[in-house]
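Each residue of the sequence shown is one higher than the one before, counting from 42 in this note's numbering.
All C-beta atoms in this analysis are idealised placements derived from N, C-alpha and C, irrespective of residue type, glycine included.
What follows is a set of notes on a single structure, which appears directly below.
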Amino acid sequence: MFVEVILIELLSISIIFNIYQYYKIKKAKTQLKNLSSVLSDIQEGNGNRRILADKSDLTSELAYKINEIVLQYEKEISNLNLNNEANKELMTSLSHDVRTPLTTLIGYMDAINRGVVSGEEEEEYFQIARLKAYDLKEYIDVLFEWFKLQSNEIDIVIGKIEITELTRLILKDWIPVIEEHEMEFEIEIPDTPIYINIDKAMFNRIMNNLMQNVMNHSKATKVKINIETKEDRAIICVEDNGVGIDEKDLTHIFERLYKVDRGRSQKGSGLGLAIVKEMVEKMDGKIKVESLKDKCTQFTMTFPIY
42 MFVEVILIEL
52 LSISIIFNIY
62 QYYKIKKAKT
72 QLKNLSSVLS
82 DIQEGNGNRR
92 ILADKSDLTS
102 ELAYKINEIV
112 LQYEKEISNL
122 NLNNEANKEL
132 MTSLSHDVRT
142 PLTTLIGYMD
152 AINRGVVSGE
162 EEEEYFQIAR
172 LKAYDLKEYI
182 DVLFEWFKLQ
192 SNEIDIVIGK
202 IEITELTRLI
212 LKDWIPVIEE
222 HEMEFEIEIP
232 DTPIYINIDK
242 AMFNRIMNNL
252 MQNVMNHSKA
262 TKVKINIETK
272 EDRAIICVED
282 NGVGIDEKDL
292 THIFERLYKV
302 DRGRSQKGSG
312 LGLAIVKEMV
322 EKMDGKIKVE
332 SLKDKCTQFT
342 MTFPIY
């Protein structure tokens, strides 16, 4: 009798658990359907929709991230001067550029919603969708940064900045990353102070973008950073011994969304170097790239000394 009671209780618990799991999964499916619907609307240009989710929902983290993307999208659009014809063209480009990563995100979510995957594969798809949402948010942030540079909507604070110590501080944060990639590094920065007129935050972004480009695309085993002066110019070089860039690609390397393939990683937005060039030129500097296929790539920036 006692055993039967235990079995009945276990059976009851199992039934209750299965019912709970059923409704939990059913609720998650409904939430995923709503997420896909909202994303599809955004893809068509309607940025007014939001996703409702409780903290306890399985999809809450993804929902919050997508809401953050939409909010940022709407905020940045409202900040831009849309009466300017150039900005209208930029916004048209934005819609096109975001479409591909957005379509990929919707594809993963639709696969889950339609039951194409299940079990561990379903969980894997959900995690991929979450990461895609984070990537999309970062991509949109970078896009808007580039658009603001193009339309002169970004604040630039030019001042007399000592770049040798500033560069050392920037590179200090990259040393753990370089070591994690098991790369050698060589830093040649003079002890003598060098002053140039730049925006400190912009210079920081330029150096970080160039270093990120090495990490993501070069497949290098060594990176070298060098600063020197020549006549009335400061010269800053970032060089790697990676796979290099084909000669036919060099003239396009600073173009928006241009991506070099043939052995170089495709990770990234295709905007990092375009942003670097825009920022360098807005501070009266110049930048060029030289490369030998399968040997090395060197980015060289020059700024007037003050």
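The alpha-carbon separation between F226 and K289 amounts to approximately 28 Å.
Collapsing the DSSP output to three states places S259 in a helix. Here T343 is bridged, per DSSP, to I276, K327.
With a threshold of 16 other beta carbon atoms within 10 Å, K173 meets it and is buried.
Taking the Cα positions, L291 is about 19 Å away from G326.
Of the residues assessed, G200 falls on the exposed side of the cut-off, its CB having fewer than 16 other CB atoms within 10 angstroms. Here L333 carries a strand assignment [DSSP, helix/strand/coil].
Take D335, set aside five residues on each side of it, and the residues of its chain with a beta-carbon closer than 7 Å to its own are V284, G285, in chain order.
Taking the Cα of I346 as reference, the smallest distance to any Cα among E229, K189, I239 is reached at I239. T208 and A170 have their alpha carbons spaced roughly 37 Å apart. Between the stretch 157-164 and the stretch 177-194, the count of Cβ pairs shorter than 8 Å is below three; the stretches do not touch. Following the DSSP letters along the chain, one finds I204 inside the alpha helix (DSSP H) bounded by residues 204-221. Sorting F167, E186, G148 by C-alpha distance to the C-alpha of A242 places E186 at the top. Counting other Cβ atoms within 10 Å of its Cβ, N193 stays below 16 and is therefore classed as exposed. Excluding five sequence positions before and after Q253, the CB atoms of its chain that fall closer than 7 Å to its own CB belong to G313, given in chain order. Comparing C-alpha distances from C337 to each of R246, E165, C278, Q191 shows the shortest one belongs to C278.
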